[in-house]
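Contents: one structure, followed by commentary.
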Amino acid sequence: MKIDVAIAGAGPAGLAAAIHAARAGLSVAVFDREELPRDKACGEGLMPSGLQALERLGARAALSPADWAPIRGIRYVQEDGTALEGRLPGDGGIGVRRTALAQALLDTARTAGVSVLARTAVRAHHRSDAAVHLDTDAGTWEAAVLVAADGLASPLRAAEGLDLPARGPRRYGLRQHMRLRPWTDFVEVHLSDGLEAYVTPAGPERVGVAFLWEDGRVPPQISWPSLVHRVPALAAQMQGAESDSTPRGAGPLRRRVRARVRPRFVLLGDAAGYVDAITGEGLSLALVCAEALGACLPDAVSRGGEPAAFRPYLATCRREYRRYAVVASTVLALARHPRLRRAALATLGLSPEVFSWLLAHTVA
């Protein structure tokens, strides 16, 4: 099979790029080794920029009202109950069940003419002057460009030799949903020494709870109940609630790359580098960068996958990742030093409008 664009990974980034490319007139196939729609550990928050990108795709209308809820702002809650909150700009964002978002993008991609192959792994690939040759569970394929959107531990990134060693302590996450009416339309971030808990409304009767921690900062025998127990205020809110999903973990989170582009080859989404989930920007970053890549792909295909054709995409990546990396690294530094974090939040609490301004210029 010969196609213009092959995409490995049917997550939000891969499907969004596929939709943009197909609407530009390219032949596109998406390969994923798992059943679709695929679930994974995710904070499930779409900030305003990501929500706008989803609307431009036309996929928001495909979301069921049962699978999303509005997010008006972000609230940081400290151990003593003191809190700092700020509102997101405009109409804010949404919290959305990951599988529902994936299904909406999957339906939109198929409507756009994308071939989506579930339970079909890309086993190997090699690049030549003429094409990228793919060995898949559905036979051999040739593409003008291969997009690797295959996640944090991207096998294609490793095969291309683009991994760099990650610096600093390793961080991990664990997420589960509870069948519970959200008690706020803010994302709540509960802070404690060595652990953060994120509560995201993900439907009118569902909240997603994600824990993040650093290697060595929590006991080695980790379980969902033990993590909940470490955040008493959250445990009280969830008392008696039934689970609405099974726990899913992720990590190590930090990933570094040598480059995002090779001839006929480009990294996208988490495969293109990742700092941390602490600011909840992953989905928005993926959709914004996928849109930029989709705009480049017609030119990239016509030019035989020349790296220069991806410059507009790389410029968007650098801008978005730089902003995300600065914010994530700053928040991580505060999380690692509780005394400094308490002082910083107390200072910001004196001027809530300043915190809202910061949100509008960082995570939004």
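As numbered in the working numbering, residues 13 to 376 make up the sequence shown, in order. C-beta: ideal position from N, C-alpha, C; glycine also.
Close Cβ partners of Lys14 (< 7 Å) along its chain, the five nearest in sequence each way excluded: Same-chain partners within the cutoff: Glu154.
Cβ-based burial, His349 [other Cβ within 10 Å; buried from 16]: The residue is exposed, with fewer than 16 neighbouring Cβ atoms inside 10 Å.
Selection from Ala33, Arg187, Phe277 that minimises the alpha carbon distance to Leu224: Between Leu224 and the set Ala33, Arg187, Phe277, the nearest pair of CA atoms involves Arg187.
Three-state secondary structure assigned by DSSP to Pro194: DSSP places Pro194 in coil when its eight states are reduced to three.
As assigned by DSSP and simplified to three states, the class of Leu129: In the structure shown, Leu129 falls within a strand segment according to DSSP collapsed to helix, strand and coil.
Exposure of Ala78, with buried meaning 16 or more beta-carbon neighbours within 10 Å: Under the 10 Å beta carbon count, Ala78 is surrounded by fewer than 16 other beta carbons and is classified as exposed.
CB contact flag (Ala302, Gly55, <8 Å): Their beta carbons are not under 8 Å apart, which means Ala302 does not touch Gly55 by this criterion.
Which of helix, strand or coil DSSP assigns to Gly105: DSSP places Gly105 in strand when its eight states are reduced to three.
Segment contact flag, the segment 28-35 with the segment 305-314, C-beta cutoff 8 Å, min 3 pairs: Between the segment 28-35 and the segment 305-314, the count of Cβ pairs shorter than 8 Å is three or higher; the stretches touch.
Classification of Ser296 by the beta-carbon crowding that lies within 10 angstroms, buried from 16 upward: Per the 10 Å Cβ criterion, buried.
Backbone CA spacing between Gln233 and Glu226 [nearest angstrom]: Rounded to whole angstroms, Gln233 to Glu226 spans 14 Å at the Cα level.
CB contact flag (Arg68, Ala22, <8 Å): Pairing Arg68 with Ala22 gives a Cβ-Cβ distance that is not under 8 Å.
Contact set for Gly70: own chain, Cβ-Cβ below 8 Å, skip 5 residues either direction: Closer than 8 Å at Cβ, skipping near neighbours: Thr120.
Inter-residue Cα distance where the pair is Val343 and Thr152: Answer to the nearest angstrom: the Cα atoms are 45 Å apart.
Among Gly285, Glu254, Asp256, Thr148, the one whose alpha carbon lies nearest that of Leu265: Ranking Gly285, Glu254, Asp256, Thr148 by Cα distance to Leu265 puts Gly285 first.
Phe137 classed as buried or exposed, judged by whether at least 16 other C-beta atoms fall within 10 angstroms: Per the sequence presented here, residue 137 reads as His, with Phe not at that position. It is buried - the Cβ of His137 has at least 16 other Cβ atoms within 10 Å.
Extent of the continuous beta strand (DSSP E) to which Pro82 belongs: Where Pro82 is concerned, the enclosing beta strand (DSSP E) starts and stops at 80-83.
DSSP beta-bridge partners of Asp311: The secondary-structure analysis by DSSP pairs Asp311 with nothing; it has no beta-bridge partner.
Residue interval of the alpha helix (DSSP H) (run including Tyr333): Looking at the DSSP string, the run of the alpha helix (DSSP H) that includes Tyr333 is 323-348.
Close Cβ partners of Ala356 (< 8 Å) along its chain, the five nearest in sequence each way excluded: Non-local C-beta neighbours of Ala356 in its own chain, meaning closer than 8 Å and more than five positions away in sequence, comprise Leu346, ordered along the chain.
From Leu174, Arg267, Pro237, Ala253, residue whose alpha carbon lies closest to that of Arg182: Out of Leu174, Arg267, Pro237, Ala253, Arg267 has the C-alpha closest to the C-alpha of Arg182.
Segments assigned beta strand (DSSP E), at least 3 residues, entirely inside the segment 37-99: Listed in chain order, the complete beta strand (DSSP E) runs (minimum 3 residues) inside the segment 37-99 are 40-43, 80-83, 85-89, 95-99.
Distance, Val313 Cα to Ile290 Cα: The straight-line gap from Cα to Cα measures roughly 36 Å.
Val40, buried or exposed, once every other Cβ within 10 Å from all chains shown has been counted against 16: It counts as buried.
Within 8 Å, strictly: CB atoms of Ala28 and Val108: For Ala28 and Val108, no; Cβs fall outside 8 Å.
Residue range of the alpha helix (DSSP H) that includes Ile31: For Ile31, the uninterrupted alpha helix (DSSP H) run begins and ends at 24-35, by DSSP.
Expected contact under 8 Å - CB spacing of Arg389 and Val201 to nearest Å: This structure gives no information on residue 389, because the portion of the chain shown stretches from 13 to 376.
Whole runs of the alpha helix (DSSP H) within the segment 207-291, excluding any shorter than 4 residues: Runs found: 236-241, 244-250.
For Ala327, the nearest candidate out of Arg272, Thr196, Trp369, Val338 (CA to CA): The candidate whose alpha carbon is nearest that of Ala327 is Arg272.
DSSP-derived helix/strand/coil call for Leu362: Note: Leu362 maps to coil in three-state DSSP.
Assigned secondary structure, Ser368 (DSSP; H/G/I helix, E/B strand, else coil): Note: Ser368 maps to helix in three-state DSSP.
Nearest-angstrom Cβ-Cβ length linking Leu164 and Asp282, presumed shorter than 8 Å: Yes, they are in contact, since the Cβ atoms of Leu164 and Asp282 sit about 5 Å apart, within 8 Å.
Minimum C-alpha distance to Asp205 - residue among Ile83, Ala81, Val89, Trp195: The candidate whose alpha carbon is nearest that of Asp205 is Val89.
Cβ-based burial, Asp147 [other Cβ within 10 Å; buried from 16]: Exposed, by the Cβ-count rule.
Run of the alpha helix (DSSP H) containing Asp147, from where it starts to where it stops: No alpha helix (DSSP H) contains Asp147, which is instead part of the beta strand (DSSP E) from 144-148.
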